[in-house]
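Residue numbers (this note's numbering): 1 to 166.
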């Protein structure tokens, strides 16, 4: 479990009931002599520009996540894992993953992963992890090779981590 908690916003906080992104591109007019479509009220503009907000106190959950992973090493240099992950964010469906690791040495490993769920459908990823010293930890990942390779992909991602173990 990660990031489990809540945030309290006081009564001076702005609250907007919609959870979306707005792109204002102006007004479209088919006939400039027909002024009926041009005359709009303040409420229309406030709604279009997401200005219909209120101030109120509220509690909000953090986007926490829970994951269960089963990892096994059936052979000396090979590791296999199956996982289920859920993130507390609207629209996120449980994600199921399969992962295979190759351990070329005791300090390094690389892996391939296939996942289904989350915000998308299928994902495939590539990871490299290493502990070149006693304390240093390195991690690099391309979590969505499908999105990276496809011109129709909705996103591209890469992440890296550097850690110090005690």
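Every residue gets a Cβ at the ideal spot worked out from N, C-alpha and C, and that includes glycine.
Beta-carbon proximity check, residue 160 vs residue 140, cutoff 9 Å: Yes; because the gap between Cβ atoms is below 9 Å, this pair is in contact.
Can you give me the C-alpha to C-alpha distance between residue 131 and residue 10, rounded to a whole angstrom? So the alpha carbons of these two residues sit roughly 44 Å apart.
Could you tell me the distance, in whole angstroms, from the CA atom of residue 128 to the CA atom of residue 108? Distance between the alpha carbons of residue 128 and residue 108 is about 8 Å.
In this structure, does DSSP put residue 147 in helix, strand or coil? helix
When the distance is taken between beta carbons, is residue 121 closer than 9 Å to residue 144? no
Spatial neighbours of residue 103 within its chain, please: CB distance less than 6 Å, with the 5 preceding and 5 following residues excluded, ordered by chain position. 77 and 109
Need the endpoints of the beta strand (DSSP E) that residue 123 sits in, please. 122-130
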